[in-house]
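Quick note: the sequence shown uses the working numbering, first residue 1, plus one each step. For every residue, glycine included, the Cβ atom is placed at its ideal position computed from N, Cα and C. Because the structure is a prediction, the values reported are computed rather than measured.
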Amino acid sequence: MVRAIYILFFSLIFINQINAQKVGLVLSGGGAKGLAHIGTLKALEEHNIPIDYITGTSMGGIVGALYAAGYSPEEIEKIALGDDFQNWVVGRYKSDYSYYFQKTSTNASFISAKLKVEEQLRLIFRSNLISDIPLNFALLELLSQASTVANNNFDQLFIPYRCMVSDVLSQESITVSKGNLAEAARATMAVPLVYRPLKLDGKFVFDGGLYNNFPVDIMQKEFNPDYIIGVNVSSKVFNEYPSNDDEKLVNRLITFMFLSKSDSTKIGDKGVYIQPDIDEFNATQFSAVQVLIQKGYEAALKEIPKILGQINRRIPQTELYERRKVFNDKKPPFKFHSVTASGIGNLQKKYVERLFKTDKGPHSLRDVKRGYYKLVADETFEQVFPSINYIKNSDSYNFDILANPTNNLRIDLGGNISTRPISNVFIGLQYNYLRDKSYSAGINFYSGKFYESVQLTGRIDYPSNLPLFLATEITYNNFNYFNTSQIFIESREPTFIEQSDRKVALQMGFPLNNNRKVVLAASYINNRDRYSPNNTYTEGDALDRTIFNGFRASIELDQNSLNRKQYANYGRRFLFSASFLNGQENYTPGNILKNSIVYNQIAVERNKQQWGKLQLTDENYFFTNKKYALAYLIEAVVSNQPLYSNYYSTLLVAPTFNPLQDSKSLFIKNFRASTYLAGGVKNVFTLKRNLDLRVEGYVFLPYKEFVQVNFQHVKFGSAFKSAYYAGSTGLVYNTPLGPISLSYNLYDDPVKRHGVLLHLGYLIYNKKSVE
């Protein structure tokens, strides 16, 4: 009897031990391939398999942190599938937070490099390839509340958690078990040369995968679970070595350079090893989110029978849901009573405080987010690391900015290569300097057969209650239509026109919100136009010349949330401007009409000219989804611009409708008028990621056309007598170096200009003096 009692007693102990099995989940690094871990989590939860501990590295550390913070696999999947996630990993952020007020004028650059300017005037290149600005804030937003609930102790999270980081100076792997969860997650994926390192406990640390990409040993050391589920998404495993003909593996040298080997044998008999079949994907292929998640799910399903046979303990989904809800209900809502800044001087602190309007608290998360993006919009503050800390006594959070403002020099390179001789090279330089105000100075050059330009700019930003900037601009433009070509374009009549303009402007601006600004400007302008009065030219001919010297005053309401500076498929650009011009027109005839009967009647003319102009331009992608975008473009101009001395001089100064990508490189008479209404639609079909088919059509309706009388005189025609069309269809592939476009363009013009245009880069120019 006693023996039976002993047997029963020890049997109950044994059964309880089996039922109390603790399970650890190990998630490896592997860049984008780490998204497969989300699928693994889904499969484990669906089969009620418990997860008691998590260790992770790099992307495995990110997925693990989200799960440990109380997010369900479905919620993590939704985050990864969202557009925001794609923006985080490439360093791009939504226009809602881009603070358009501080953006410089759009130019043709497609490569930018920033150099730090030290006191000894030494230049140092920026080390990271991708901006971490959106990623840093995203992790704070997702993980700070859970860190607060756990009191920054990772054992007190919804699931106890560890992640790995690397100290490259001491060449050691570090296990992170406490502190700010968002900072730990950010540090574990600080891939060298891609993201900046993070400072944890006084040490600059990089991606944990450098020294421990598959932290099974840390799981055993920190938690000693009864069973380990190890998921490896890295192609670099313990016994793999590229053979001479294994080109596919050799091409992944970047992975082998940055990740330590993953030893599957460390799991041992008390566990299972899962490796999703994702060899076809690379570490940067973040666009394949759905497929990678599915691959992780399928790989886990194959091992579920084995896991169920070795783990008797189950966690029903209803119980897991209730536990997760209890944890998440403890998260204090985001409310900020203070914003602090460190790492900067007193004058710079004042600059930061004014941006956040610290005297206007309390702040919502949205308020803090907007202030953060205002700050990083100032390029001297690009190296900014935010943190969120809970202040228990006030039941609110503090938002802290660790800033490292630097005087920096930005170098921009760009331009376009085209099948017509409108190709050009763009070079830009901008220097930024910060004290209690933000200062910048820049110069840019365009050089090509068709277009040449030099522009010098200077700007001072005042972070007052109403942010304000004062700026100056000196611009020289030269458009030479002599050099337009007949390659891939039908042109029975070449254009003999050359336009030059010079502008010296003073500007003042202030924001209306993140995407809108008001700019007031006063300019001195000098325009010089040379042209043939009858569009003929022979060697030795002297062209007619019109010079306009005068002043221009203007006010603009400008909004821009377009996602690309050319070939957008999302957002809106709205511009309303009012301007007044006053000056003198000087006309000097050439000798092209020397054989005509009226040649002796043509004389030098001097005319005072003044007029006002109102312009509204609205480009709006009002319907968008993943496969299609529909936009309208509307432009209306009302002007009392007077007639100039002759037909061509009047055309050259008139407002112009430029609906297509190459419109500014063509001189089209029928799209010029002092007053007009124009508009059309843009259809954008997304064939593949970054590959669009664009179909566009427009109508131009001038109020009164310019009519040529006799040889060169001009008069206004009848009201609303004619309408003209333009259209385009083509493919656009948006590469990191700018768009590649192949299009067929058609203009309704007597010369019947139409043809095929292939170009790489941006067809963007500095504004003309009268624009």
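The three-state secondary structure of H337, taken from DSSP, is strand. Ranked by Cα distance from V519, the options V504, L557, T546, K503 are led by L557. Bounds of the beta strand (DSSP E) holding H713 are 713-719. The beta-bridge partner set that DSSP reports for E619 consists of R573, L633.
The beta-carbon separation of I293 and I229, rounded to 17 Å, does not stay under the 8 Å limit for a contact. Straight across, the Cα-Cα distance linking V681 with Y524 is about 36 Å.
Comparing C-alpha distances from I62 to each of M189, V732, L25 shows the shortest one belongs to M189. Ranked by Cα distance from G345, the options N416, I401, R323 are led by I401. The C-beta distance from Y762 to N416 rounds to 6 Å, short enough to fall under 8 Å.
The Cβ-Cβ distance between K306 and S396 does not fall below 7 Å. Across the structure, S342 and F399 are spaced so that their CA atoms are roughly 11 Å apart. Around the beta carbon of D662, a 10 Å sphere encloses 16 or more other beta carbons of the protein chains shown; the residue is thus reported as buried. Note on the region 724-755: there is no whole alpha helix (DSSP H) run with a minimum of 4 residues. Of S741, L737, R753, S338, the smallest CA-CA separation from A726 is found for R753. Taking 7 Å as the cut-off, the Cβ atoms of D132 and Y195 count as close. For N398, no alpha helix (DSSP H) run applies; the uninterrupted beta strand (DSSP E) run containing it begins and ends at 396-403, by DSSP. Around the beta carbon of D412, a 10 Å sphere encloses 16 or more other beta carbons of the protein chains shown; the residue is thus reported as buried. A straight-line Cα-Cα distance of about 13 Å links V653 and N640.
DSSP places K203 in the uninterrupted beta strand (DSSP E) bounded by 203-207.
By the beta-carbon neighbour count (other beta carbons within 10 angstroms, threshold 16), T457 is buried. Counting only residues of its own chain and dropping the five nearest sequence neighbours on each side, A719 has a CB closer than 8 Å to the CB of Y703, K704. By DSSP's assignment, K114 forms a beta bridge with R410.
In the DSSP annotation of this structure, F385 is not part of any alpha helix (DSSP H); the continuous beta strand (DSSP E) holding it starts and ends at 384-391. No Cβ-Cβ contact shorter than 7 Å links M508 with L466. Pairing L135 with L181 gives a Cβ-Cβ distance that is not under 7 Å. T55 places its beta carbon less than 7 Å from that of V26. With contacts defined as CB atoms closer than 7 Å, N232 and S28 qualify as a contacting pair. By the Cβ-count criterion, P655 is buried, with 16 or more other Cβ atoms from all chains shown falling within 10 Å of its own Cβ. For F158, there is no enclosing alpha helix (DSSP H), since its DSSP letter is neither H nor E. Excluding sequence positions up to five before and after K203, its CB lies within less than 6 Å of the CB of D167, all in the same chain and listed in chain order. For A185, the uninterrupted alpha helix (DSSP H) segment begins and ends at 181-188. DSSP places E585 within a strand segment (E or B) once states are collapsed to three.
DSSP places G64 in the uninterrupted alpha helix (DSSP H) bounded by 59-68. Take V149, set aside five residues on each side of it, and the residues of its chain with a beta-carbon closer than 7 Å to its own are F327, K330, K331, in chain order.
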